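Novice:
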Amino acid sequence: MAPPTKTAAAPKEVKLTTKDTNTLKTLSKLFDERKYKKAIKQADAFLKIHPTNVDALCFRTLTLYGLNLKEEAHAAGKQVVRDNMSSFTAWHTLGFLHRNDKNFPEALKCFRTAHRNNKESVQILKDMSLIQIFQRDYPGLLDSYKTLLHLQPGYKGHWIGLITTYHLMGSHSQAIFILDEFINVLDQENEGIRRSELILYKVQLLDESNELDKALSLLKSDAKFIVDKLWAKNKTGEIYIKKNMLKEAEKVFTDLIKLNPDNMNYHKKFWESKGIKSIETITKEQIEILKPIYAEWGELNPKSFVIQKIPLNFLPSDSEGFLIRLAKFSRHFLVKGIPSLFNNLKSLYNGGDDKKSKVIEKFFEETLQSLIEKGTLVGSDQQESPSTLLWCRYFLAQHYDRVGKIKESFEQIDKAIEHTPTNVDNYIVRAKLLKHNGDLVGAAQQYEHARQLDLADRYLNTKSALYALRADERDNASKIFKTVIDPNDSTMFNISEYQCMWYENELGQSYYRTGDNAMSLKALHLVDKAFTEFIEDQFDFFNHMQKKLTLRAYVDFLRWEDQVYKNKPFLDAAKLLVKVYLTLLKKPYVKPVETTQSSAGVATAAETASAPPTTTEPTATTTPVVKENEKKQNNKQNNKQTPPPPPKKDDDDEVEVDEKNKVDEDPLGEKLATVPNLLEQANKFLKTMLKFNPDSVDAHLLACQCYLEKRKYLLIIQSLLKVKQVVPNHPLIFKNVVAMYRQVEQQADTTDASVKKILEDEKANLFDGATSLLQFVEQYAAKHKDSHAHQFIAGEQLYHLTKDSAKALDLIVNSVSSSATASWDNCRENLVHLKSVFCDIGKIDQSFADNLIQQYTEKCKIRFPLANYFQPPKSIEQSTEESTTTTTTTTTTTNGTSN
Amino acid sequence: MVSIRPCQVSDLLAMQNANLTCLPENYQMKYYLYHHLTWPQLSFVAEDEGNKLVGYVLAKIDENNPKKGHITSLAVLRSHRKLGVATKLMKQAQAALVETFDAEVVSLHVRKSNRAAFTLYHEILKFKIQEIEKEYYGDKEDAYSMTLALKPEHEMTIKDKDLKKEEKKPEPIKKAAKKAAGKKK
Ligand SMILES: CC(C)(COP(=O)(O)OP(=O)(O)OC[C@H]1O[C@@H](n2cnc3c(N)ncnc32)[C@H](O)[C@@H]1OP(=O)(O)O)[C@@H](O)C(=O)NCCC(=O)NCCS
Numbered sequence: 005m006a007p008p009t010k011t012a013a014a015p016k017e018v019k020l021t022t023k024d025t026n027t028l029k030t031l032s033k034l035f036d037e038r039k040y041k042k043a044i045k046q047a048d049a050f051l052k053i054h055p056t057n058v059d060a061l062c063f064r065t066l067t068l069y070g071l072n073l074k075e076e077a078h079a080a081g082k083q084v085v086r087d088n089m090s091s092f093t094a095w096h097t098l099g100f101l102h103r104n105d106k107n108f109p110e111a112l113k114c115f116r117t118a119h120r121n122n123k124e125s126v127q128i129l130k131d132m133s134l135i136q137i138f139q140r141d142y143p144g145l146l147d148s149y150k151t152l153l154h155l156q157p158g159y160k161g162h163w164i165g166l167i168t169t170y171h172l173m174g175s176h177s178q179a180i181f182i183l184d185e186f187i188n189v190l191d192q193e194n195e196g197i198r199r200s201e202l203i204l205y206k207v208q209l210l211d212e213s214n215e216l217d218k219a220l221s222l223l224k225s226d227a228k229f230i231v232d233k234l235w236a237k238n239k240t241g242e243i244y245i246k247k248n249m250l251k252e253a254e255k256v257f258t259d260l261i262k263l264n265p266d267n268m269n270y271h272k273k274f275w276e277s278k279g280i281k282s283i284e285t286i287t288k289e290q291i292e293i294l295k296p297i298y299a300e301w302g303e304l305n306p307k308s309f310v311i312q313k314i315p316l317n318f319l320p321s322d323s324e325g326f327l328i329r330l331a332k333f334s335r336h337f338l339v340k341g342i343p344s345l346f347n348n349l350k351s352l353y354n355g356g357d358d359k360k361s362k363v364i365e366k367f368f369e370e371t372l373q374s375l376i377e378k379g380t381l382v383g384s385d386q387q388e389s390p391s392t393l394l395w396c397r398y399f400l401a402q403h404y405d406r407v408g409k410i411k412e413s414f415e416q417i418d419k420a421i422e423h424t425p426t427n428v429d430n431y432i433v434r435a436k437l438l439k440h441n442g443d444l445v446g447a448a449q450q451y452e453h454a455r456q457l458d459l460a461d462r463y464l465n466t467k468s469a470l471y472a473l474r475a476d477e478r479d480n481a482s483k484i485f486k487t488v489i490d491p492n493d494s495t496m497f498n499i500s501e502y503q504c505m506w507y508e509n510e511l512g513q514s515y516y517r518t519g520d521n522a523m524s525l526k527a528l529h530l531v532d533k534a535f536t537e538f539i540e541d542q543f544d545f546f547n548h549m550q551k552k553l554t555l556r557a558y559v560d561f562l563r564w565e566d567q568v569y570k571n572k573p574f575l576d577a578a579k580l581l582v583k584v585y586l587t588l589l590k591k592p593y594v595k596p597v598e599t600t601q602s603s604a605g606v607a608t609a610a611e612t613a614s615a616p617p618t619t620t621e622p623t624a625t626t627t628p629v630v631k632e633n634e635k636k637q638n639n640k641q642n643n644k645q646t647p648p649p650p651p652k653k654d655d656d657d658e659v660e661v662d663e664k665n666k667v668d669e670d671p672l673g674e675k676l677a678t679v680p681n682l683l684e685q686a687n688k689f690l691k692t693m694l695k696f697n698p699d700s701v702d703a704h705l706l707a708c709q710c711y712l713e714k715r716k717y718l719l720i721i722q723s724l725l726k727v728k729q730v731v732p733n734h735p736l737i738f739k740n741v742v743a744m745y746r747q748v749e750q751q752a753d754t755t756d757a758s759v760k761k762i763l764e765d766e767k768a769n770l771f772d773g774a775t776s777l778l779q780f781v782e783q784y785a786a787k788h789k790d791s792h793a794h795q796f797i798a799g800e801q802l803y804h805l806t807k808d809s810a811k812a813l814d815l816i817v818n819s820v821s822s823s824a825t826a827s828w829d830n831c832r833e834n835l836v837h838l839k840s841v842f843c844d845i846g847k848i849d850q851s852f853a854d855n856l857i858q859q860y861t862e863k864c865k866i867r868f869p870l871a872n873y874f875q876p877p878k879s880i881e882q883s884t885e886e887s888t889t890t891t892t893t894t895t896t897t898t899n900g901t902s903n
Numbered sequence: 024m025v026s027i028r029p030c031q032v033s034d035l036l037a038m039q040n041a042n043l044t045c046l047p048e049n050y051q052m053k054y055y056l057y058h059h060l061t062w063p064q065l066s067f068v069a070e071d072e073g074n075k076l077v078g079y080v081l082a083k084i085d086e087n088n089p090k091k092g093h094i095t096s097l098a099v100l101r102s103h104r105k106l107g108v109a110t111k112l113m114k115q116a117q118a119a120l121v122e123t124f125d126a127e128v129v130s131l132h133v134r135k136s137n138r139a140a141f142t143l144y145h146e147i148l149k150f151k152i153q154e155i156e157k158e159y160y161g162d163k164e165d166a167y168s169m170t171l172a173l174k175p176e177h178e179m180t181i182k183d184k185d186l187k188k189e190e191k192k193p194e195p196i197k198k199a200a201k202k203a204a205g206k207k208k
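Chains as they are written, first to last, in the working numbering: chain W, 5 to 903; chain X, 24 to 208.
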């Protein structure tokens, strides 16, 4: 980031000598070169002579900041402003500090004042506009660009800024107007890709403002300048569809399918041009339309699996065509030994036609028989290689797993392993089967075995680490992971640096499962950190895009940024963060007793601190864009692969700062877990979650818990109504209703009368007609006899209400065996809850708690014999033996409980 | 089934994740954004029917040579390999390089030990070995630097470098050997 304007604001009082001006220049240079220690000495010396020189004072402030003396810098910056209220340099400098602190609203305020004090400064306007984009302050941004254009009418970037601002504000016609002007002033000489980009950007603007005819005619008239032909063609087709010009659309998409038969979007649009909205709702007549087309395309494109597969989607299971196609499609996979046959067919299992899975089962069982008896595929005389049998079993194992035939699935995969013990993929599937049945420890071992067979494949490495995390073997996971990352740094450091969010989330979940809430927070906060980085990445691309004129991509990018918190990794992390904070609220963090084992998977402070310094030369800047490996490549390739990099920091001063970042200041997550405002922390994540996922049931249910803490009962009702719309019978609706009314009863004296009145009025509705809480709970338990989740929660609430431990125990424990809906993983979740919340926090009789946990575990053990969470911990050898002996003998388990 | 289509901004998170899953050369999000905002036409993704990203090719133009494309990264999740996905991704990227940037050649680097990728590049896509770059990778493994002519008039200029003096060319994996069950890479 560039330091503020250096054009000296001539101080009022003293005239500077040439020498003084030169000193200031040197100062500026030292600052640019990040030689802060020298700079501060120079500044101090200068200030002895000119104690009120604003420029020198500002440089001194900035230098302090560069030396990481942030508080001093802020104090100094504020003082300069106070003494020089009308100095734009002073305000600009203070804004710069705030910007680097990422306090963008404050930075914007300062830049605004700086601008008011000097309306001619381009630098201030540029700095300000970057923050305005970041803050999506469009009206402000418009003003900035208009002023900038006024100051520098020939500068391309300002035009672009103005155009994109109008676009993002939704003023498409203004954007188009300026864009036309801009294209006119652009030199026409061979603009190539840039010109093409501008034309296509205009097409996008026209399309978005529904000026479809204009968009079409532009695409046509400027066709010769357009180089991104694929996009142009696709857009043309889309516009035809919007205009209901189906014949024309059909032609476009047929052409596109010729270019890339594997693009599913082209196929979908092609169907639309044939009046078919979706394959799920296809009519008989429509099937007859598609059949000959795909028959022909199928002949022409034997290697396009999309074209080969589509008929399986639309042909009914009982048609002859389906079976023929299925045979043809799968033959290729079985004979060539392509492992992904099941992945390619699995969409057929959940389509509208549930008979397809039956047809598939029968077909593959017959194929298996034929291969065993004759060595041929059904209906063929050709002898197949022995591996075909292997791949058939491999498929069937996955199929049986999918339809809940556990015994059969293990039988097939075990035979496949026997057939070819060196085939890696067999073990991957077997690990998956074990996982689906809750044997997470066995699954991790199995995956590790697969990994050992092909150590060069990072995919196996990644998944093996994942399986280890799922089994809460964090040390193992870290060890496996370390074979591909920089082993000098801790796993925490590496995953954070590489924004490896799947690992962060899995680690957070694992810590939570094992009761280490503080470490869970620590891991999950890394996900949040990655998202903050994604958001801040915006700062780096504005200038870049102005040069490249890739405006379509840029606008898409900003729109993506607007919604970035919608992405699943964030949602997953945020949900658990809220949960953990709420847990910590009830069960405050206690420092773990010193154990000899270091906290799993993470280097402790001591470890980190004592680790040898990783590099002798200063590594990377604060935000290395490309990782070590790639950096090496860059040097070798002399290809600059990075966006305009931040200035090099090769001064000693900087190294200290960088190394500091590597030291883990909170190795156990203690600081995170002991902040005074746990509820506020939860609330922060909750707010983001709800803002970007207003329909998320999970988010609303978590919100209820926060609201309960804050006694915001009306908000609870609001959220519950929302949940009811989506999942009318969600068991947690009941739980929250009961919890809320219980709390209100307990705190009757301090609850606002008007709120009480509303709650009283809502009772009839929320209690399903029951007149008292107790009646409601009992009625509820009776009504949902078949649902494990409902029974469990009813038992829990009953206990809270009546302290009738016998009845509660009965409901909770029997929910495992009596209902078909129990699955090993929701039972595990319940058990975690019992241990960490219900029994631990609730004012619960200790012997009842012990009894409850013990009996619940016992029931789960019987019902889910493979699930090791319910088994007592045992030695590794023991568990390997057992997992191999039990797997093939279990028959009585969980038909249809998962999914 | 796997669909092959141009990459969008909203694919980049999943692309980063696939890269972290499949390859030891990893990048921060900013680097993916840089590719996309500089050459939005050049990268492609593969997704399954549940819209999960299962493969990608990340391509660019050489910053010092506007007629030269470069494949920064290519990967397919193991669960979807050997389906021709990588071949198709590469073909799309190559076509886009020619169409949009009028590129004449495209280059890439591959680990010497990476037989699957080498076979794909050398046997299927007809890339030629330009040279061996010693200790190119972070873990000191050597790389083949490979190049493909995208236009017939450049074909003559690009040939496999004669590696005899230095060492033998790696043997492409034989079809017969591949057929045997339980193969290894
Ligand atoms: C290399 C990789 C991208 C190939 O992906 P893919 O989709 O399976 O490749 P394709 O199906 O298009 O294979 C094309 C050809 O490559 C060769 N090939 C692919 N995988 C192979 C393997 N495991 N062993 C031998 N040859 C292989 C074959 O010749 C194949 O043609 P064929 O199927 O007609 O025999 C994939 O294995 C991968 O992602 N690996 C990890 C990441 C990686 O190494 N990336 C490349 C970095 S430079």
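Cβ atoms here follow ideal geometry from the backbone N, Cα and C, with glycine treated the same way.
Being a predicted model, the structure only gives us computed values, none of them experimental.
Tell whether a beta-carbon distance below 9 Å holds between Val820 (chain W) and Cys864 (chain W).
Specialist: Within the first sequence, numbered from 1, the residue matching residue 820 (chain W) stands at position 816. Within the first sequence, numbered from 1, the residue matching residue 864 (chain W) stands at position 860. Closer than 9 Å, so yes.
Novice: Once DSSP output is grouped into helix, strand and coil, what is the label at Pro315 (chain W)?
Specialist: For the purposes of this step, residue 315 (chain W) is identified with residue 311 of the first sequence, where counting begins at 1. Looking at Pro315 (chain W) - three-state DSSP - the assignment turns out to be helix.
Novice: Measure from the alpha carbon of Gln859 (chain W) to the alpha carbon of each residue in W:Ser524, W:Gln290 and W:Val817, then state which is nearest.
Specialist: Within the first sequence, residue 859 (chain W) is the residue found at index 855, counting from 1. Taking only the C-alpha atoms, the option nearest Gln859 (chain W) is W:Val817.
Novice: Below 8 Å, is the gap between the Cβ of Tyr463 (chain W) and the nearest heavy atom of ligand 1?
Specialist: For the purposes of this step, residue 463 (chain W) is identified with residue 459 of the first sequence, where counting begins at 1. Under cutoff, so the answer is yes.
Novice: Determine which residues of the stretch 54-67 of chain X have a Cβ less than 7 Å from any Cβ of chain W, and write them out in chain order.
Specialist: If the cut-off is 7 Å between Cβ atoms, the stretch 54-67 of chain X has Tyr54, Leu56, Tyr57, His59, Leu60, Thr61, Pro63 and Gln64 near chain W.
Novice: Below 8 Å on the Cβ atoms is my contact criterion, and I expect His176 (chain W) with Glu212 (chain W) to pass it. Report the Cβ-Cβ distance as a whole number of Å.
Specialist: Sequence index remark: in the first sequence, residue 176 (chain W) carries index 172 (1-based). Sequence index remark: in the first sequence, residue 212 (chain W) carries index 208 (1-based). Between Glu212 (chain W) and His176 (chain W) the Cβ distance is about 6 Å, and since that is below 8 Å, they are a contact.
Novice: Could you pull out every unbroken alpha helix (DSSP H) segment of at least 4 residues lying fully inside the stretch 428-472 of chain W, listed in chain order?
Specialist: Listed in chain order, they are 428-440 and 444-457.
Novice: Quick one: does Cys114 (chain W) have its CB under 9 Å from some CB of chain X?
Specialist: Sequence index remark: in the first sequence, residue 114 (chain W) carries index 110 (1-based). With 9 Å as the cut-off, Cys114 (chain W) does not count as an interface residue toward chain X.
Novice: Using the beta-carbon count (16 or more within 10 Å), is Glu127 (chain X) buried or exposed?
Specialist: Residue mapping note: residue 127 (chain X) aligns to position 104 of the second sequence, counting from 1. Buried, because 16 or more other Cβ atoms sit within 10 Å of the Cβ of Glu127 (chain X).
Novice: Quick check: what's the CA-CA separation for Ala609 (chain W) versus Leu588 (chain W)?
Specialist: Position 605 of the first sequence, counting from 1, holds the residue named residue 609 (chain W). Position 584 of the first sequence, counting from 1, holds the residue named residue 588 (chain W). Residue confidence for Ala609 (chain W) is low, a pLDDT of 36 falling below 50, so the modelled location carries little weight and cannot support an answer.
Novice: In this structure, what does DSSP give as the bridge partners for Asp387 (chain W)?
Specialist: Counting from one through the first sequence, the residue named residue 387 (chain W) turns up at place 383. The residue you asked about is not Asp; residue 387 (chain W) is Gln in the sequence shown. Its beta-bridge partners are W:Thr380.
Novice: Looking only at its own chain, which residues have a Cβ that is under 8 Å from the Cβ of Gln747 (chain W), when we skip the five neighbours before and after it?
Specialist: The residue you call residue 747 (chain W) lines up with position 743 of the first sequence. Counting only Cβ-Cβ distances below 8 Å, and skipping sequence neighbours, we find Leu712 and Arg715.
Novice: Assuming Gln153 (chain X) is part of the beta strand (DSSP E), what are its boundary residues?
Specialist: If you number the second sequence from 1, residue 153 (chain X) lands on position 130. Counting along the chain, the beta strand (DSSP E) containing Gln153 (chain X) begins and ends at Lys151 to Glu156.
Novice: With 9 Å as the C-beta to C-beta threshold (strictly closer), list the residues of the stretch 520-538 of chain W near chain X in chain order.
Specialist: Listed by position along the chain: Ala534, Glu537 and Phe538.
Novice: Please confirm if Ile484 (chain W) has its CB atom under 9 Å from at least one CB of chain X.
Specialist: Counting from one through the first sequence, the residue named residue 484 (chain W) turns up at place 480. By this cut-off, Ile484 (chain W) is not an interface position.
Novice: Helix or strand or just coil, what does DSSP make of Tyr79 (chain X)?
Specialist: Indexing the second sequence from 1 puts residue 79 (chain X) at position 56. Strand at Tyr79 (chain X).
Novice: From the beta carbon of Arg462 (chain W), is the nearest beta carbon of chain X less than 9 Å away?
Specialist: For this step, residue 462 (chain W) is matched to residue 458 along the first sequence. Interface residue, yes.
Novice: Taking a Cβ distance cut-off of 7 Å, strictly less, list which residues of the stretch 541-553 of chain W are near chain X, in chain order.
Specialist: Residues Asp541, Asp544, Phe545, His548, Met549 and Lys552.
Novice: Listed in chain order, which residues of the stretch 137-155 of chain X have Cβ atoms closer than 7 Å to some Cβ of chain W?
Specialist: Cβ contacts with chain W come from no residue of the stretch 137-155 of chain X.
Novice: For the stretch 400-425 of chain W, list the alpha helix (DSSP H) runs that are entirely contained and at least 4 residues long, ordered along the chain.
Specialist: If we require 4 residues or more, the alpha helix (DSSP H) runs fully inside the stretch 400-425 of chain W come out as 410-423.
Novice: What are the boundary residues of the beta strand (DSSP E) that includes Val68 (chain X)?
Specialist: The count along the second sequence starts at 1 and reaches residue 68 (chain X) at position 45. Residues Phe67 to Glu70.
Novice: If we ignore side chains and look at the alpha-carbon of each, how far apart do Phe538 (chain W) and Ala41 (chain X) end up?
Specialist: The count along the first sequence starts at 1 and reaches residue 538 (chain W) at position 534. The count along the second sequence starts at 1 and reaches residue 41 (chain X) at position 18. Phe538 (chain W) and Ala41 (chain X): Cα-Cα distance of roughly 17 Å.
Novice: Ignore the nearest five residues each way along the sequence and tell me which others in Tyr803 (chain W)'s own chain have a CB closer than 7 Å to its CB.
Specialist: In the first sequence, the residue the question calls residue 803 (chain W) occupies position 799. The residues are Ser809 and Ala812.
Novice: How would you list, in chain order, the residues of chain X whose beta-carbon sits under 9 Å from the beta-carbon of Ala299 (chain W)?
Specialist: Here residue 299 (chain W) refers to the residue found at position 295 of the first sequence. Result: empty, since nearest Cβ-Cβ is about 17 Å, beyond 9 Å.
Novice: Could you name the residues that DSSP lists as bridge partners for Arg28 (chain X)?
Specialist: For the purposes of this step, residue 28 (chain X) is identified with residue 5 of the second sequence, where counting begins at 1. Arg28 (chain X) pairs with X:Val68.
Novice: Using a threshold of 8 Å, is the CB atom of Gly78 (chain X) nearer than that to any non-hydrogen atom of ligand 1?
Specialist: Residue mapping note: residue 78 (chain X) aligns to position 55 of the second sequence, counting from 1. Under cutoff, so the answer is yes.
Novice: Could you give the uninterrupted runs of the alpha helix (DSSP H) lying entirely in the stretch 477-521 of chain W, keeping only those of 4 residues or more?
Specialist: Counting only runs of 4 or more, we get 478-486, 495-501 and 505-517.
Novice: If I measure Cβ to Cβ from His910 (chain W) and keep anything under 6 Å in the same chain, skipping five residues before and after, which residues do I get?
Specialist: Here chain W comprises residues numbered 5 to 903, so residue 910 (chain W) is not present and cannot be evaluated.
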